[in-house]
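Peer 1:
Protein chains in written order, with the numbering used here: chain B, 1 to 176; chain S, 1001 to 1176.
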């Protein structure tokens, strides 16, 4: 990501015009997520505010896992396979399973996973035309959803949880 | 908003193509905000989780106030005027001032303000060409920001706080 263009939603070299605008928004959302967790220690990433809370680490994994799910849905028209469900199941579910399984990792562990998933997304999006964004699938209730929506939803979902991460960070880091 | 098209990012009658895609995303973000607060009582809208927390009512006002700020910036190339700062100052600031001034309102009060602000936004966006989204202003540090980014930021900011609202709602509504 070019930081000089961080606040421009527009053309990006290597992407169709509309896809580039989408990627601009994904890039900025990711930039703010990374800013929200910069410098966090393991105990802060594992911090549980109350029994219903997810840790920041679990939320970071959840953001990556959701992107993996939408990769499968939109690039390969399938659900997650057995290996992917094994790898990402706790992150997708959150709650108790995530509390048991997603714990004790350094920040770099989460950042590396986010980055690997995103690299694949950008590689796939770079090979698609704008028209692909208009392709629709059906929810079966008369409502349709297009690929543009699905990727809008991926970054919107990330921003939603980033809002929670910011809130949690304030509480996780003030313990002295 | 047409619920049938809720999951389609694309053309909207009355808007230029690119503006319509932006409005599609704004519409969906708003739909989820309204869902997140549906049925909340005054005491739940005023709920303060801890001394650093904002209430859900204050966050709803903050979402509307931010949109007012970006209306001024992008439609009229100015800052908020005295009347606007008087009306929206507490909502923009949040924190202690919001705790004192934004309290005791029914949900409809917040929804009505959100709706009034949004109606003006849609009216103004409907009179603009796609090219307007590309217009840039400078941060003065070599970084530029275009109108597309500014309105992306408005709905991203809303989603960020909606994430917090969802988190707070779970805690505000379980007191029995």
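Ideal placement from N, C-alpha and C gives every residue a C-beta, glycine not left out.
Which whole-angstrom value describes the C-beta separation of residue 113 of chain B and residue 64 of chain B, a residue pair presumed to lie in contact below a C-beta threshold of 8 Å?
Peer 2: Taking the first residue of the first chain as 1, we reach residue 113 of chain B at position 113. Taking the first residue of the first chain as 1, we reach residue 64 of chain B at position 64. Their Cβ separation, rounded to whole angstroms, is 5 Å, which keeps residue 113 of chain B and residue 64 of chain B in contact under 8 Å.
Peer 1: Use the C-beta contact count for residue 13 of chain B: other C-beta atoms within 10 angstroms, 16 or more gives buried, fewer gives exposed.
Peer 2: The sequence position of residue 13 of chain B within the first chain is 13, counting from 1. It is exposed - the Cβ of residue 13 of chain B has fewer than 16 other Cβ atoms within 10 Å.
Peer 1: Please go through the same chain and pick out, in chain order, the residues whose beta-carbon is closer than 8 Å to the beta-carbon of residue 1152 of chain S, but skip the five residues on each side of it.
Peer 2: Taking the second chain and counting its residues from 1, the one referred to as residue 1152 of chain S is at position 152. Excluding residues within five positions, the ones whose Cβ falls inside 8 Å are 1022, 1025.
Peer 1: What span of residues does the beta strand (DSSP E) with residue 1146 of chain S cover, start to end?
Peer 2: For the purposes of this step, residue 1146 of chain S is identified with residue 146 of the second chain, where counting begins at 1. Run containing residue 1146 of chain S: 1144 to 1146, per the beta strand (DSSP E) assignment.
Peer 1: Using a Cβ-Cβ cut-off of 7 Å (strictly less than) and excluding sequence neighbours within five positions of residue 147 of chain B, which residues of its own chain qualify?
Peer 2: On the first chain, position 147 is the one that residue 147 of chain B refers to. The answer, listed in chain order, is 74, 132, 133, 135.
Peer 1: Taking the alpha helix (DSSP H) that residue 112 of chain B falls in, what are its first and last residues?
Peer 2: Taking the first residue of the first chain as position 1, residue 112 of chain B is located at position 112. Its alpha helix (DSSP H) spans residues 107 to 126.
Peer 1: Does the Cβ of residue 71 of chain B have 16 or more other Cβ atoms within 10 Å, making it buried, or fewer, making it exposed?
Peer 2: Position 71 of the first chain, counting from 1, holds the residue named residue 71 of chain B. The residue in question, residue 71 of chain B, is buried, as its Cβ has 16 or more Cβ neighbours within 10 Å.
Peer 1: Looking at chain S, is there any beta carbon in it that lies within less than 7 Å of the beta carbon of residue 132 of chain B?
Peer 2: Locating residue 132 of chain B in the first chain gives position 132, counting from the first residue. Not closer than 7 Å to any Cβ of chain S, the Cβ of residue 132 of chain B fails to qualify, so no.
Peer 1: Assuming residue 145 of chain B contacts residue 1007 of chain S under a Cβ cut-off of 8 Å, what Cβ separation, rounded to an integer in Å, is found between them?
Peer 2: Taking the first chain and counting its residues from 1, one reaches residue 145 of chain B at position 145. Taking the second chain and counting its residues from 1, one reaches residue 1007 of chain S at position 7. That pair is a contact at about 4 Å.
Peer 1: What residues of chain S sit near residue 127 of chain B, judged by a beta carbon separation below 8 Å?
Peer 2: Looking up residue 127 of chain B in the first chain gives position 127. Ordered by position in chain S, no residue passes the 8 Å Cβ test against residue 127 of chain B, which lies about 20 Å from the chain.
Peer 1: DSSP on residue 1052 of chain S, reduced to helix/strand/coil?
Peer 2: Residue 1052 of chain S sits at position 52 when you count from the first residue of the second chain. Correct three-state label for residue 1052 of chain S: coil.
Peer 1: To the nearest whole angstrom, what separates the beta carbons of residue 1094 of chain S and residue 1058 of chain S, a pair I think is in contact under 8 Å?
Peer 2: Position 94 of the second chain holds residue 1094 of chain S. Position 58 of the second chain holds residue 1058 of chain S. About 6 Å separates the two Cβ atoms, so the contact holds.
Peer 1: Would you report the Cα separation of residue 1005 of chain S and residue 143 of chain B, rounded to the nearest angstrom?
Peer 2: Locating residue 1005 of chain S in the second chain gives position 5, counting from the first residue. Locating residue 143 of chain B in the first chain gives position 143, counting from the first residue. Cα-Cα distance, rounded: 7 Å.
Peer 1: Closer than 7 Å, Cβ to any Cβ of chain B: which residues of the segment 1098 to 1109 of chain S, in chain order?
Peer 2: Cβ contacts with chain B come from no residue of the segment 1098 to 1109 of chain S.
Peer 1: Going by other Cβ atoms of all chains shown within 10 Å of its Cβ, with 16 needed for buried, is residue 1044 of chain S buried or exposed?
Peer 2: Looking up residue 1044 of chain S in the second chain gives position 44. Residue 1044 of chain S should be labelled buried.
Peer 1: I'd like the span of the alpha helix (DSSP H) that includes residue 32 of chain B, first residue to last.
Peer 2: As a working mapping, residue 32 of chain B is identified with position 32 in the first chain. First-last of the alpha helix (DSSP H) with residue 32 of chain B: 17 to 37.
Peer 1: Taking Cβ-Cβ distances shorter than 7 Å, what residues in chain S pair up with residue 149 of chain B?
Peer 2: Reading the first chain from its first residue, position 149 is the one you call residue 149 of chain B. Near residue 149 of chain B (Cβ distances below 7 Å), the residues of chain S are 1007, 1008, 1009.
Peer 1: For residue 1068 of chain S, count neighbouring Cβ atoms within 10 angstroms of its own Cβ and tell me buried if that reaches 16, exposed if not.
Peer 2: Stepping through the second chain from its first residue, residue 1068 of chain S is reached at position 68. Buried, because 16 or more other Cβ atoms sit within 10 Å of the Cβ of residue 1068 of chain S.
Peer 1: Does the segment 75 to 88 of chain B come close enough to the segment 97 to 105 of chain B to have 3 or more Cβ pairs within less than 8 Å?
Peer 2: No, the segment 75 to 88 of chain B is not in contact with the segment 97 to 105 of chain B.
Peer 1: Let's test the definition: count the other Cβ atoms within 10 Å of the Cβ of residue 77 of chain B and tell me whether it reaches 16, buried, or not, exposed.
Peer 2: Here residue 77 of chain B refers to the residue found at position 77 when the first chain is read from its first residue. Exposed is the call here.
Peer 1: For residue 62 of chain B, count the other beta carbons within 10 Å of its own beta carbon; 16 or more makes it buried, fewer makes it exposed. Which is it?
Peer 2: Taking the first chain and counting its residues from 1, the one referred to as residue 62 of chain B is at position 62. The residue is buried, with at least 16 neighbouring Cβ atoms inside 10 Å.
Peer 1: Establish whether the CB of residue 1088 of chain S and some CB of chain B are separated by less than 7 Å.
Peer 2: Along the second chain, read from residue 1 onward, the residue named residue 1088 of chain S stands at position 88. Residue 1088 of chain S does not count as touching chain B.
Peer 1: Span of the beta strand (DSSP E) holding residue 1137 of chain S?
Peer 2: Residue numbering aside, residue 1137 of chain S sits at position 137 when the second chain is read from its first letter. Element bounds for residue 1137 of chain S: 1136 to 1138.
Peer 1: Buried or exposed for residue 36 of chain B, going by 16 or more other Cβ atoms inside 10 Å?
Peer 2: Here residue 36 of chain B refers to the residue found at position 36 when the first chain is read from its first residue. Buried, because 16 or more other Cβ atoms sit within 10 Å of the Cβ of residue 36 of chain B.
Peer 1: If we call anything under 7 Å between Cβ atoms a contact, is residue 1060 of chain S one with residue 1110 of chain S?
Peer 2: Along the second chain, one-based indexing puts residue 1060 of chain S at 60. Along the second chain, one-based indexing puts residue 1110 of chain S at 110. Yes, the Cβ-Cβ distance between residue 1060 of chain S and residue 1110 of chain S is below 7 Å.
Peer 1: Check residue 1077 of chain S in the structure and name its three-state DSSP category.
Peer 2: Your numbering for residue 1077 of chain S matches position 77 in the second chain. Residue state, collapsed to three classes: coil.
Peer 1: Could you work out which residues of chain B lie near residue 1025 of chain S, taking near to mean beta carbons separated by less than 8 Å?
Peer 2: Along the second chain, one-based indexing puts residue 1025 of chain S at 25. Here the neighbours are 152, 156.
Peer 1: Would you mind stating whether residue 1163 of chain S and residue 161 of chain B have Cβ atoms separated by less than 7 Å?
Peer 2: Indexing the second chain from 1 puts residue 1163 of chain S at position 163. Indexing the first chain from 1 puts residue 161 of chain B at position 161. Against a cut-off of 7 Å, the Cβ pair of residue 161 of chain B and residue 1163 of chain S comes out as a contact.
Peer 1: Would DSSP call residue 9 of chain B helix, strand or coil?
Peer 2: The residue you call residue 9 of chain B lines up with position 9 of the first chain. Correct three-state label for residue 9 of chain B: coil.
Peer 1: Between residue 40 of chain B and the rest of its own chain, which residues show a CB-CB distance below 6 Å, the 5 nearest in sequence each way excluded?
Peer 2: In the first chain, counting from the first residue as 1, residue 40 of chain B sits at position 40. Counting only Cβ-Cβ distances below 6 Å, and skipping sequence neighbours, we find 107.
Peer 1: Grab me the residues of residue 1011 of chain S's own chain with a C-beta within less than 7 Å of its C-beta, minus the 5 sequence neighbours each way, in chain order.
Peer 2: Translated into positions along the second chain, residue 1011 of chain S becomes position 11. 1017, 1020, listed in sequence order.
Peer 1: Spatial neighbours of residue 1038 of chain S within its chain, please: C-beta separation below 7 Å, excluding the five flanking residues on both sides.
Peer 2: Residue numbering aside, residue 1038 of chain S sits at position 38 when the second chain is read from its first letter. For residue 1038 of chain S, where only same-chain residues beyond five positions count, there are no Cβ hits under 7 Å.
Peer 1: Any idea if residue 1166 of chain S is buried or exposed, counting beta-carbon neighbours within 10 angstroms, 16 or more meaning buried?
Peer 2: Indexing the second chain from 1 puts residue 1166 of chain S at position 166. Looking at its Cβ environment, which holds 16 or more other Cβ atoms inside 10 Å, residue 1166 of chain S is buried.
Peer 1: Run through chain S and tell me which residues come within less than 8 Å of residue 161 of chain B, C-beta to C-beta.
Peer 2: Working through the first chain from its first residue, we reach residue 161 of chain B at position 161. Those are 1163, listed as they occur along chain S.
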